[in-house]
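Each residue of the sequence shown is one higher than the one before, counting from 5 in our numbering.
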Amino acid sequence: MFNPLKNLFDYNRTKINSYTPLVKKINDFEKEISQHSDKSLANKTKEFKDKLNNGETLDQLLPEAYAVVREAIKRTIGERAYDVQLMAAIALHQGSIAQQRTGEGKTHSVIFPAYLNALTSKGVHIITPNDYLTKVGAGWYPKALHLLGISTSAIIHEQSFIYDPDYTDPTEKFDDRLTHLHPVSRKEAYLADITYGTNNEFGFDYLRDHMVAYHQEMVQRPHHYAIVDEVDFVLIDEARTPLIISSPNNQPTDKYYQFAQIASALQPTDYIIDEKARSATLSEYGIRKVERVLNVKNLYEESFDTIHYIENAIKADALFHKDKDYVVKDGEVIIVDEFTGRLMTGRRWSDGLHQAVEAKENVTVQRESQTWATITFQNYFRLYQKLAGMTGTASTESEEFRKIYNLDVIVIPTHQSIQRIDDQDLIYKTQRSKYAAVASKVAELHSFGQPVLIGTTSIEKNQIISSLLTKKGIPHQLLNAKNHQSEAEIISKAGIKGGVTVATNMAGRGVDIVLGGPKDGVDPKKWQIQHQEIISLGGLYVIGTERHESRRIDNQLRGRSGRQGDPGYSQFYVALDDDLMRIFGGEKISGLMTRFKMDEETPLTHPLVSKALEQIQIKVEGYNFDVRKSLVEYDDVINKQRQIIYNLRDNTLINNFEKNSKNEEEVFKALGKQIQKSIKIYFDPLKNQVDWNKFVLEFSEILPMVESDRDKLT
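Here it is as structure tokens:
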């Protein structure tokens, strides 16, 4: 019988076994390479490039090149790569996703394939989840790359830097990882051998490059090789949101406020909500009620805009919740990322939904926008000749990575065995009883000093837990999108004795909680005593207060505990009226609760329940996969047209720049012909004049313009 899971494990084992001889070759080079002086080590880069020019391949260079990188890191950072880190580095070079556990050194592993592929002088892009990690990445391990003569840069929002050990930033003197980043132009940053940046920055720069008037203004080089950190977040979670460059269009209408008031007055029987699809439609009762309010006979004959306004207003009122889906800050509605818990400043929901939420919250409704350029992350990252990724949690989405991106997930063995205990879920009938149980458990753990991390799915639930802990007199710290600026300080205290931290998904990814607290500024002997004390207490205790739609997000929360062989414990507390259970299949679990005759206060824990929960998550993951698959299939059609236009545009600009041809003159000549043609079409001989409204409307399709400019021209 065919077993896909067994085949996956067999394939993984085969790949890991194939890496072993390569790791041995790297280790065999170690003694010889260690005897080189710094200058001699740096000369290896030129030697490798010469070998490439003489016909050798990167695969042939890999063992010695990786040994050189290992030695450079050892000399500059003081760290020596483990064999399993070398395995991850091999997987990344071969264009796979390396799944490494928390604390296993992903940022260390990435330097090896980045160096090797940078030898081609075609550029390597390392994609990070946020601007802070971009700067840290470009300012720490690149010390080793600089020793080898490889340049490293960083691009963040409206800023670009290059690593320069001779430069010191006076504003970052307390963090050595950020001290030597010298500001440069965007183009200079992209000319570096290796460039760090977020997926948004790389994607938007690509779109902007195809909106410039002159070839010299383009900043990116052809897409050669990319390594995506937290690849599941970038290529899966972010993949439902396309990149869009837009500009304000027409002035906002007061209708948003009018329909927000109408929606707030409707009863649940007046509309039909589909929480899975996040859609809202009026019921027969609702249609008649809205028709009476608007004083119209037939709502659907009135205008399409009217239906659009009312349905958006209902969605904003019933499906989008403050302190869960968004926050209101300084008079603005800011989206909260459902996967990371972070504020998505600058992002807006499309098709008037954001305006509907603004009207609901009675803040200033911003102008609607007109799209100038757009691309999905799927199609952006498929531009690269070679793509690789790394994360702590990707195997649950291996099918999607293979089907959409042609990427295999390789699970890398751990350097140290995992000591964390992942206990079965505790199922309660109501959220009220669940939260009470969580508070009691935290009180018990806090009484003997074991540090606790409590994961919640929203700011609102974050604050519910906080209020319960306050009532019990338990000191704690809160981490959510509203106080994200204190994230580093909060996380640094999460592993100390008696520490209690209540956090949204922000604490689930890219966060390293050190048992006993951070080492910086603490006497090593004192820190070791503190560290050992927390280990003796059982390490970090992680409590999940709700299952997420994706098993990956749950696994990321668990992964905050048990880093690098430390002990730890994790357990999820779940209720039948949690969003996931209520929307996607709580009836099955409810039936089990009744079958086992459990009361409200007593939790249910049983393998059948855990299996049912996992099946619900698999079902939701499948649904979300279909949504993303549909998005990319739709964008594939547009993408073919996009590539044709972009290639034509690029060739025109390059020819104009390099050959000093008269392309610009030819473009204006073509526009002139089209103008003359359109004038003839819209000339009315009876009135002896041109219908300028129709002419401008057609001309704006050829030379796009915002509605306000179109009105002025008319």
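Note that beta-carbon positions come from the ideal geometry of N, C-alpha and C, so glycine has one too.
_Helix, strand or coil for Gln103? Go by DSSP, reduced to three states._
If DSSP states are grouped into helix, strand and coil, Gln103 belongs with the strands.
*Does the beta-carbon distance from Gln104 to Ala118 come in below 8 Å?*
Contact: no.
*Mind checking Asn664: buried by the 16 CB within 10 Å criterion, or exposed?*
The pLDDT assigned to Asn664 is 49, lower than 50, so where the model puts this residue is not dependable; a value taken from the coordinates is nonetheless given after this. With fewer than 16 other Cβ atoms within 10 Å, it is exposed.
_Straight-line Cα distance separating Ser44 from Asp54_ = Approximately 15 Å between the Cα atoms of the pair.
*State buried or exposed for Gly477, treating a residue as buried only when at least 16 other CB atoms are found within 10 Å of its CB.*
Gly477 is exposed by the Cβ-count criterion.
*For the beta strand (DSSP E) that contains Leu430, what are its first and last residues?*
Per DSSP, the unbroken beta strand (DSSP E) holding Leu430 starts and ends at 430 to 432.
*Answer yes if the segment 484 to 503 comes into contact with the segment 443 to 455, meaning at least three C-beta pairs across the two stretches below 8 Å, and no otherwise.*
With the cut-off at 8 Å, the segment 443 to 455 and the segment 484 to 503 touch.
_the segment 236 to 255 in contact with the segment 369 to 377 per 3-pair CB rule at 8 Å_ = Contact holds between the segment 236 to 255 and the segment 369 to 377, because three or more Cβ pairs, one in each stretch, are under 8 Å apart.
_Whole runs of the alpha helix (DSSP H) within the segment 45 to 100, excluding any shorter than 4 residues_ = With a minimum length of 4 residues, the unbroken runs of alpha helix (DSSP H) contained wholly in the segment 45 to 100 fall at 62 to 80, 87 to 97.
*Exposed or buried, which one is His161 when buried takes at least 16 other CB atoms within 10 Å?*
Burial call: exposed.
*Any alpha helix (DSSP H) of 4 or more consecutive residues that is wholly inside the segment 297 to 365*: List check, alpha helix (DSSP H) in window: 303 to 306, 308 to 322, 357 to 364.
_Own chain partners of Val297 with C-beta closer than 7 Å, once the 5 adjacent residues on each side are dropped_ = Once the five neighbours on either side are set aside, the close Cβ partners of Val297 are Ile266.
*asked:* Below 8 Å, how does it come out for the segment 183 to 193 and the segment 118 to 130: are there three or more Cβ pairs, yes or no?
replied: Result no; under three Cβ-Cβ pairs closer than 8 Å.
*Is the CB-CB distance between Ala148 and Thr80 below 8 Å?*
Yes, they are a contact pair.
*Going by alpha carbons, who is nearest to Gly542 out of Ile422, Gln536, Gly572, Pro187?*
Check the Cα spacing between Gly542 and each of Ile422, Gln536, Gly572, Pro187: the tightest is with Gly572.
_In this structure, how does DSSP classify Arg371 when only helix, strand and coil are distinguished?_
Coil.
_Can you tell me where the alpha helix (DSSP H) holding Leu120 begins and where it ends?_
That run of the alpha helix (DSSP H) goes 115 to 122.
*Is His228 closer than 8 Å to Lys126 when the C-beta atoms are compared?*
In terms of Cβ geometry, Lys126 and His228 form a close pair [threshold 8 Å].
*Identify whether Ile458 lies in helix, strand or coil by the three-state DSSP scheme.*
Of the three classes helix, strand and coil, the one that applies to Ile458 here is strand, per DSSP.
_Span separating the alpha-carbon of His186 from that of Lys110_ = His186 and Lys110: Cα-Cα distance of roughly 25 Å.
*Enumerate, from N- to C-terminal direction, the unbroken alpha helix (DSSP H) stretches of 4 or more residues contained entirely within the segment 483 to 570.*
Qualifying alpha helix (DSSP H) stretches, in chain order: 491 to 497, 528 to 540, 555 to 562.
_Own chain partners of Asp173 with C-beta closer than 6 Å, once the 5 adjacent residues on each side are dropped_ = Excluding the 5 residues flanking it on each side, Asp173 has same chain C-beta neighbours closer than 6 Å at Thr183, in chain order.
_Using the three-state DSSP reduction, which class does Pro272 fall into: helix, strand or coil?_
Of the three classes helix, strand and coil, the one that applies to Pro272 here is helix, per DSSP.
*If you check the beta carbons only, do Thr397 and Asp516 fall under 8 Å apart?*
It is not a contact, given that the beta carbons lie outside the stated cut-off.
*Alpha-carbon spacing of Lys390 relative to Leu120, whole angstroms*: It is roughly 13 Å from the alpha-carbon of Lys390 to the alpha-carbon of Leu120.
*Just how far apart, CA to CA, sit Val415 and Glu365?*
In a straight line, the C-alpha of Val415 is about 46 Å away from that of Glu365.
*Can you list, in chain order, the residues of its chain whose CB lies under 7 Å from that of Ile539, leaving out five sequence neighbours each side?*
Exclusion of the five residues before and after Ile539 leaves Leu519, Asp570, Pro571 as the residues of its chain whose Cβ lies within less than 7 Å of its Cβ.
*asked:* Considering only their Cβ atoms, is the gap separating Asn628 from Glu553 smaller than 8 Å?
replied: Taking 8 Å as the Cβ cut-off, Glu553 and Asn628 qualify as a contacting pair.
*Using the beta-carbon count (16 or more within 10 Å), is Glu234 buried or exposed?*
With 16 or more Cβ atoms within 10 Å of its Cβ, Glu234 is classed as buried.
_Within 10 Å of its beta-carbon, does Gln64 have 16 or more other beta-carbons around it, so buried, or fewer, so exposed?_
A residue is called buried once 16 or more other Cβ atoms fall within 10 Å of its Cβ, and Gln64, having fewer, is exposed.
*asked:* Please return the same chain residues whose Cβ sits closer than 6 Å to the Cβ of Thr49, not counting the five positions on each side in sequence.
replied: Hits under 6 Å: Leu152, Gly153.
*Leaving out five residues on either side along the sequence, give the residues of the same chain with a beta carbon under 8 Å from the beta carbon of Lys19.*
Excluding sequence neighbours, Lys19 sits near Ala95, Ser100, Asp412, Ile414.
*Identify the continuous alpha helix (DSSP H) that holds Thr474 and give its terminal residues.*
Residues 463 to 475.
*Would a C-beta distance cut-off of 8 Å place Ala66 and Leu123 closer than the cut-off?*
Inspection of the sequence shows that residue 66 is occupied by Leu rather than by Ala. Between Leu66 and Leu123, the C-beta spacing is not below 8 Å.
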